[in-house]
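Chemist: Mind looking over this structure? Questions follow.
Protein chains in written order, with this note's numbering: chain A, 10 to 310; chain B, 10 to 310; chain C, 10 to 310.
Right under this line is the structure:
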């Protein structure tokens, strides 16, 4: 059974195969219409999501798959059934893939150890991992620059709470990208700084080919210096003024949802450097590739 | 981008084109099976709805469209994302039409001004507008009478809170229908009475070709004279006795959901004069026409 | 209009026709792909469910049906509309079948008396009836033993709260199966014991060809002797030790969701005697047959 939980366990060949397949989906070059007609998938979101949930649903339906939504409020979870039994039940009903968002990465690992009969796809795990987001970031960067090797990516803002940083870090470094981190003092993460250098905001802006602004979760910083939106923007937001210091060909990413006027100004979101809506569009192609992958539709030898 | 938000901005030619297309859908005379296969729509309801939501969903699926439901409780709205960004995200994912019910009409207007990339369809906006309901009322009336010009339509009951009255008024008057209003004193609306005459209940019943009973929202009239269901029915309900005073060929409409035994008696709902369930059936054809319209599938000039 | 509410009103010929059709669905021997394309069904669950809801949804989609989900929280029910009007509305919109879970069996009976225009399928009614579960139990037993006549089925545990027992009892007895009941004193049901003998747990285990363990709802037995999970298992759980006293060819069923370690040990769930996941798989074929049945697709006389 092929799952898709971590970026770390994907080898370089597989990553490239996934990016290539996503490109084929974008160009509609793959199999004819709806290759997986009448194949069943289930989406199981224990945390709120619009973008990722809808993105998977569009990807599934474009591939012709049938989608079962499990409402985590009204499902048998309330009767105390274990997640293992829920997933084995789905498998018995004919479901081949479970796309799941859950607070704890350890839950996915436990399910894999128990040998569940469905392929699991991680659609975001707490602050720990968001592998399809990392893959669509890579895809978007590759679309712009052609080559990944040698690029500098700056991830800026609320590093502490970001699963996006965690999933991107290892993936990018193995592909020859230099990652740098920046953001307010109280949002730094010592563990991640052992893996990538922390620099000042202005240095990050000047050096990066890719400026990735992270969503600030202000509500988690009550009473602290940057718990005020406008103050955050003044010190750590991407503004039009700061954007002028970016390299000539550099682009802007954001995993969204965005706090406009906090970590990023409106003008930067809509600017021609911005690839933020392209990221969303690319997410569909990348997730189609991941669905292909877990069903064995991508040869990775 | 074509939206469908107001009745007032639809010209007479367009209204007739929509009614004609609805007729073609009813007769299954239009394009072959499922003309919009693999086209994506999203349904976004910020207020409760069974009828309208399901009616749109049936219309969408009959046209072969894929439907994404946005749960307004668990979506990214809880992360503070703006509605503009949610809709632009849906567009980036491939969604072409957003069907939305929202409390405030101004929200639709703001989104149009911001040039969102999805076609917006208003599925009911607070007490202000419900254009697809008005269109299906017209369609149902035309089906019975053939001609609209010269008919008298009486709208009776809770005028103050009715978005249905507001959307029908202008549309009907422009098509040559004479609209009259009636109902309890405490549910009158001075603004609307500048546009259509207020008459007694008995006069309304006697004069009208179409008796449109409105849903009373008793809970909004606590402590008032007609806050009691049986008293309301006694004074302002359509009863079998009152029905006998209707014109020979006159019909009964109700936008539903109905309070049976309050604004309308069971016997009138099930009577051969009643077109209430026909309205629901017709809603599907009319909404198919509106979906056609926003996708440019109806020539109107 | 054909409904599917009670097992008692199904004659023997119909039961066999349903089991045969389920077998044809399992073998994919029936009509070609998706015989009911573009036919609309609605699922209306007033009580939580994963298994049954998803099982019906998979069955519907395999038959090519379009599925409308009615969210019982946000639908017009909150506006006080009667269930009768909701179902007549769905019918007007084009829905042919309503699959419903509701607390009270009397609600289905009232709707049938009111001659609703949709076929109703009972997806579990309070503690009173769960006819598709009974049918899938029969199907699973027949798959293993070939013949039903002369078998002994023991239903063990929380008899009082079990709709599964109620739906199985009459059906099995009419098909020549001997039913015996067992379980803790405080979960016995005098009415059911007039129809089937109550025996000790050890006798039930030794005599039965089919050991059907029931879900214990411990939360309903607060402060009683078996309100503690481990104590319950010690006295009335199916353990590996007890399993050794079963007849050579006997099998284990459970309607699920399971309380592992309460009424059944992990080792018994995963044992080769267990048909618990087969029950779930078979539920899809049986429900496909029931959907066929209410649409008149099964000849029964």
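Glycine residues also receive a C-beta, built at the ideal position from the N, C-alpha and C atoms.
How many Å lie between residue 167 of chain C and residue 61 of chain B at the Cα?
Modeler: 43 Å
Chemist: If you pair each beta-carbon of the region 283-302 of chain A with each one of the region 24-36 of chain A, do three or more pairs fall below 8 Å?
Modeler: yes
Chemist: Sorted by chain position, which residues of the same chain lie with C-beta nearer than 7 Å to residue 153 of chain C's C-beta, five sequence neighbours on each side aside?
Modeler: Hits under 7 Å: 260 and 284.
Chemist: Is the Cβ of residue 47 of chain B closer than 9 Å to any Cβ of chain A?
Modeler: Yes, contact with chain A.
Chemist: Is there contact here, the region 56-73 of chain B with the region 101-109 of chain C, by at least three beta-carbon pairs under 8 Å?
Modeler: Enough Cβ pairs lie closer than 8 Å, so yes.
Chemist: Residue 176 of chain A lies in the beta strand (DSSP E); which residues open and close that run?
Modeler: Residue 176 of chain A -> not in any beta strand (DSSP E); alpha helix (DSSP H) instead, spanning 172-183.
Chemist: Hey, how far is the Cα of residue 13 of chain A from the Cα of residue 249 of chain A?
Modeler: 38 Å
Chemist: Three-state secondary structure (DSSP) at residue 272 of chain A?
Modeler: coil
Chemist: With C-beta atoms as the reference, is residue 43 of chain B less than 9 Å away from residue 73 of chain B?
Modeler: Yes, these two residues count as a Cβ contact at 9 Å.
Chemist: If I measure Cβ to Cβ from residue 47 of chain B and keep anything under 7 Å in the same chain, skipping five residues before and after, which residues do I get?
Modeler: Same-chain partners within the cutoff: 75.
Chemist: For the region 38-84 of chain B, list the beta strand (DSSP E) runs that are entirely contained and at least 3 residues long, ordered along the chain.
Modeler: 49-54 and 75-79
Chemist: In the DSSP assignment, what are the bridge partners of residue 111 of chain B?
Modeler: Per the DSSP secondary-structure output, residue 111 of chain B pairs in a beta bridge with B/134.
Chemist: Does the CB of residue 51 of chain A have a neighbour CB from chain C at under 9 Å?
Modeler: Closer than 9 Å to some Cβ of chain C, the Cβ of residue 51 of chain A qualifies, so yes.
Chemist: Pull up the CB-CB distance for residue 112 of chain A and residue 135 of chain A, whole angstroms please, since I reckon it's below 8 Å.
Modeler: 5 Å
Chemist: Would you give the residue range spanned by the alpha helix (DSSP H) that residue 217 of chain A belongs to?
Modeler: It is not in any alpha helix (DSSP H) - residue 217 of chain A carries neither H nor E in the DSSP assignment.
Chemist: List, in order along the chain, the chain C residues whose C-beta lies closer than 9 Å to that of residue 59 of chain A?
Modeler: By Cβ distance, chain C contributes nothing, its closest Cβ being about 17 Å from residue 59 of chain A, past 9 Å.
Chemist: Distance cutoff 9 Å, beta carbons only. Does residue 240 of chain A sit that close to anything in chain B?
Modeler: No, its Cβ sits nowhere closer than 9 Å to a Cβ of chain B.
Chemist: Suppose the cutoff is 7 Å on Cβ atoms and the five residues either side in sequence are ignored; what does the same chain contact list for residue 87 of chain A look like?
Modeler: The predicted position of residue 87 of chain A is uncertain, since its pLDDT is 46 and thus under 50; no value can be drawn from it.
Chemist: Cβ closer than 7 Å: which chain C residues qualify as neighbours of residue 101 of chain A?
Modeler: What residue 101 of chain A touches in chain C: 286, 289 and 290.
Chemist: Using a beta-carbon distance below 9 Å, is residue 251 of chain B in contact with chain A?
Modeler: Contact with chain A is absent for residue 251 of chain B, since none of that chain's Cβ atoms lies less than 9 Å from the residue's Cβ.
Chemist: With DSSP as the reference, identify every bridge partner of residue 213 of chain B, one or two as the case may be.
Modeler: In the DSSP output, where bridge partners are listed per residue, residue 213 of chain B has none listed.
Chemist: At 7 Å on the CB atoms, spell out the chain B contacts of residue 75 of chain C, in chain order.
Modeler: 70
Chemist: Is there a Cβ from chain C that is less than 9 Å from the Cβ of residue 87 of chain A?
Modeler: For residue 87 of chain A, the predicted structure reports a pLDDT of 46, less than 50, and the residue's modelled location is therefore unreliable. The matter cannot be settled from this model.
Chemist: I want to see whether chain B comes within less than 9 Å of residue 37 of chain C, judged by CB atoms only; does it?
Modeler: no
Chemist: Are the CB atoms of residue 128 of chain C and residue 110 of chain C within a distance shorter than 9 Å?
Modeler: no
Chemist: What would DSSP say about residue 100 of chain A, mapped onto helix, strand or coil?
Modeler: Residue state for residue 100 of chain A is assigned as helix, using DSSP reduced to three classes.
Chemist: Would you give the residue range spanned by the beta strand (DSSP E) that residue 304 of chain C belongs to?
Modeler: Element bounds for residue 304 of chain C: n/a, residue is neither H nor E.
Chemist: For the region 251-270 of chain A, which residues have a beta carbon sitting closer than 9 Å to at least one beta carbon of chain B?
Modeler: 265, 266, 267, 268 and 269
Chemist: Quick one: what does DSSP say residue 255 of chain B is sitting in, helix, strand or coil?
Modeler: It is coil, neither helix nor strand.
Chemist: In the DSSP assignment, the beta strand (DSSP E) including residue 165 of chain B goes from what residue to what residue?
Modeler: 161-165
Chemist: By DSSP's criteria, residue 188 of chain C is part of a beta bridge. Which residues make up the other side?
Modeler: C/162
Chemist: Could you tell me which of A/130, A/253 and A/223 sits nearest to residue 280 of chain A, measuring between CA atoms?
Modeler: Of the candidates A/130, A/253 and A/223, the residue whose Cα lies closest to the Cα of residue 280 of chain A is A/253.
Chemist: At which residues does the beta strand (DSSP E) containing residue 260 of chain B begin and terminate?
Modeler: The continuous beta strand (DSSP E) containing residue 260 of chain B extends over residues 260-262.
Chemist: Closest to residue 271 of chain A by CA distance: which of A/291, A/226, A/282 and A/175 is it?
Modeler: Comparing C-alpha distances from residue 271 of chain A to each of A/291, A/226, A/282 and A/175 shows the shortest one belongs to A/226.
Chemist: If the cut is a Cβ gap below 7 Å, which residues of chain B does residue 64 of chain A touch?
Modeler: Residues of chain B whose Cβ lies closer than 7 Å to the Cβ of residue 64 of chain A are, in chain order, 102.
Chemist: Does residue 90 of chain A have its Cβ less than 9 Å from a Cβ in chain C?
Modeler: For residue 90 of chain A, the answer is yes, since a Cβ of chain C falls inside 9 Å of its Cβ.
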